[in-house]
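When you read off a place in the sequence shown, starting at 1, and then add 973, the result is the number in our numbering. Worksheet: the structure to be examined is printed underneath.
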Amino acid sequence: MAEPRRQNKVLGGATALAPLHPFVDLHLHALPGVDNGPTSWSAAVELCVQAAHNGIGHAVLTPHFRGKPYAERIARLSSRLIRLRETLADRGLAMQVALAGECRFDAFLHQAIQTGDLPWLGRWQDEYVVLVEFSDARLPAKIVPAIEWMRARGIRPMLAHPERIREVQLRLQSLAPLVGAGLLLQVDADALAGGCGPFAQETSLRLLREGWVTVLASNAHDLVRQPPRIEPGRVVAAEIVGEAASWELAALRPARIAAMHFPALAAN
Ligand SMILES: [Fe+2]
């Protein structure tokens, strides 16, 4: 069934039409029982219902990949993705889901890059994107050569929630060599809106002013503590970068990245 549409002047002029669910979420923990996201199928469905209610029409799910080989985990998660898709379709939910991962920067990621068993987030220009996470304390040692090593293999790393990293909070310019090497930055929308505390909020605002933020995402885990919403952060971003650029960060650019999973988004 065709999705209902409404006029939206922001996404391309007064005559352009945009979906009722404009957001494409590139960071969502909605598969049950696989990480610190929902613990049951009912909670997973409720999380997706709330995401759709908050305007998220497409989501690339990003369960954690930490400390274990990738291939077996991808296979296990893929079967859960199929079940979730079937469940959401049965509920008539206007939300599409695909599978990627949030990959800890560890030896197992290094191994997966060599074997090609990676949970791709999408594509950025001519490279495949993988969502990575660092520790909340500091940037990894020798990270610039690691980024260059990935890019030499056609892989573009996107860092989840850089605003949480203490070293970045204390010295924003510590990220400059990484951004210069091509690291993409994904900021939690709720961090901009203040939902992740004052240090993360201030850092996310500074990243935005620096022009380093590639996309916003929800990083939702549940309905209360980390809920599935992007709009509050987009509104804050719009105050700094303007309405059009805020939609680029929250909807249009994520759509282009995720079009690998959702071909219908390729027209964005
Ligand atoms: Fe996450």
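Even glycine gets a Cβ: it sits at the ideal position worked out from N, Cα and C.
Just mark glutamate 976 as buried or exposed, buried being the case when its beta carbon has 16 or more other beta carbons within 10 Å.
-> Against the sequence shown, residue 976 aligns to sequence position 3. Caution applies to glutamate 976, whose pLDDT of 36 falls short of 50 and renders its modelled position unreliable; the value that the coordinates give is listed next. Answer is exposed; the Cβ neighbour count stays below 16.
In three-state DSSP terms, what is valine 1186?
-> Here residue 1186 refers to the residue found at position 213 of the sequence shown. Residue state, collapsed to three classes: coil.
List the whole-angstrom C-beta distance separating alanine 1017 from aspartate 998, where the pair is believed to meet the contact cut-off of C-beta under 8 Å.
-> Position 44 of the sequence shown holds residue 1017. Position 25 of the sequence shown holds residue 998. About 14 Å; that fails the 8 Å criterion.
Pairwise C-alpha distance: valine 1103 and methionine 1052 | Numbered from 1 along the sequence shown, position 79 holds the residue referred to as residue 1052. Numbered from 1 along the sequence shown, position 130 holds the residue referred to as residue 1103. Reading off the sequence, residue 1052 comes out as serine, not methionine. Distance between the alpha carbons of serine 1052 and valine 1103: 21 Å.
Alpha carbon to alpha carbon, how far is histidine 947 from aspartate 1063?
-> Residue 947 lies beyond the stretch modelled for the chain, which goes from 974 to 1241, so this question has no answer here.
When the Cβ atoms of the region 1207-1221 are set against those of the region 1032-1047, are three or more pairs found closer than 8 Å?
-> Because the criterion of three Cβ pairs below 8 Å is not met, the region 1207-1221 and the region 1032-1047 do not touch.
Rounded C-alpha distance that separates histidine 1026 from alanine 1114 = For this step, residue 1026 is matched to residue 53 along the sequence shown. For this step, residue 1114 is matched to residue 141 along the sequence shown. About 41 Å.
Using only the heavy atoms of ligand 1, determine whether one of them is closer than 7 Å to the beta carbon of alanine 1287.
-> One cannot answer for residue 1287 here, as it falls past the ends of the chain, which runs 974 to 1241.
Between the beta-carbon of arginine 1207 and the beta-carbon of aspartate 1163, is there less than 8 Å?
-> In the sequence shown, counting from the first residue as 1, residue 1207 sits at position 234. In the sequence shown, counting from the first residue as 1, residue 1163 sits at position 190. The answer is no: Cβ separation not under 8 Å.
For isoleucine 1029, does the three-state DSSP call read helix, strand or coil?
-> Mapped onto the sequence shown, residue 1029 falls at position 56. The answer is strand: DSSP assigns isoleucine 1029 an E or B state.
What residues in its chain sit with their C-beta under 7 Å from that of glycine 1127, if we drop five residues either side in the sequence?
-> Numbered from its first residue, the sequence shown carries residue 1127 at position 154. For glycine 1127, the CB contacts under 7 Å within the same chain, skipping 5 residues up- and downstream, are Glu1100, Tyr1101 in chain order.
Indicate whether the contact test is met: 3 or more Cβ pairs, each with one atom in the region 1179-1196 and one in the region 1149-1164, closer than 8 Å.
-> The region 1179-1196 makes contact with the region 1149-1164; the number of CB pairs closer than 8 Å reaches 3 or more.
Under a three-way DSSP split, which group does glycine 985 fall into?
-> For the purposes of this step, residue 985 is identified with residue 12 of the sequence shown, where counting begins at 1. Reliability of the predicted coordinates at glycine 985 is poor, the pLDDT of 36 falling under 50, and the value obtained from them is presented with this limitation in mind. The answer is coil: DSSP assigns glycine 985 none of H, G, I, E or B.
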